[in-house]
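Below is one structure, written out as structure tokens; the observations come after it.
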Amino acid sequence: MQYSSLIFIVIIIVVMYFTMIRPQKRRQQEHQQTINNIKKGDQVVTIGRLHGVVDSINRDTKTVTLDCDGIYLEFDLNAIASVTAATAADTNEAASSASADAEPAKSAESNETAAKSDADNQPAK
649 MQYSSLIFIV
659 IIIVVMYFTM
669 IRPQKRRQQE
679 HQQTINNIKK
689 GDQVVTIGRL
699 HGVVDSINRD
709 TKTVTLDCDG
719 IYLEFDLNAI
729 ASVTAATAAD
739 TNEAASSASA
749 DAEPAKSAES
759 NETAAKSDAD
769 NQPAK
């Protein structure tokens with residue numbers, strides 16, 4: 649009779665190991681691998697659900713600097729919940745948007761310069 653209760657307790661411990669402990673260890677290993685493979689330009693989500701792009705990584709202090717729409721925030725690497733690797737399309741899109749932002753500024757400056765030169769060339773009345 650005593651052996652049956654002991655066997656029952658051992659079975660419960662084994663079931664708990666395979667249903668709770670082992671999957672948690674696997675998730676921890678996957679998360680650690682993801683953190684180790686993070687690189688500049690990757691899109692990340694923090695544990696506070698802040699979305700940003702990796703600007704720099706300091707492996708010595710285990711910190712990462714995120715660019716969140718022009719605001720740079722520094723986080724511990726363990727604060728990263730998920731990572732989406734940067735694709736070539738994301739990189740091209742960022743470069744084209746930066747050049748598109750620069751072009752209107754140039755044309756606005758040239759329009760102001762042209763207007764000033766037109767005003768200077770007008771005869772005095």
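Residue numbers (the working numbering): 649 to 773.
Even glycine gets a Cβ: it sits at the ideal position worked out from N, Cα and C.
Three-state secondary structure (DSSP) of residue i
i: Leu-714; result: strand
i: Leu-654; result: helix
i: Leu-725; result: helix
i: Ile-660; result: helix
i: Gly-696; result: coil
i: Asp-703; result: strand
i: Thr-735; result: coil
Whole-Å CB distance - residue i paired with residue j, under 8 angstroms assumed
i: Val-702; j: Asp-690; result: 5 angstroms
i: Ala-727; j: Thr-694; result: 5 angstroms
i: Lys-688; j: Ser-704; result: 7 angstroms
Residues near residue i by beta carbon distance below 6 angstroms, same chain, minus five either side
i: Thr-682; result: Val-731
Below 8 angstroms, how does it come out for the stretch 701 to 712 and the stretch 656 to 671: are there three or more Cβ pairs, yes or no? Contact fails between the stretch 701 to 712 and the stretch 656 to 671, because fewer than three Cβ pairs, one in each stretch, are under 8 angstroms apart.
Assess, as a yes-or-no matter, whether the stretch 712 to 729 is touched by the stretch 692 to 699 under the definition of 3 or more beta carbon pairs within less than 8 angstroms. Yes, they touch.
Restricting to runs no shorter than 4 residues, where is the alpha helix (DSSP H) found entirely within the stretch 659 to 689? With a minimum length of 4 residues, the continuous alpha helix (DSSP H) runs that stay inside the stretch 659 to 689 are 670 to 684.
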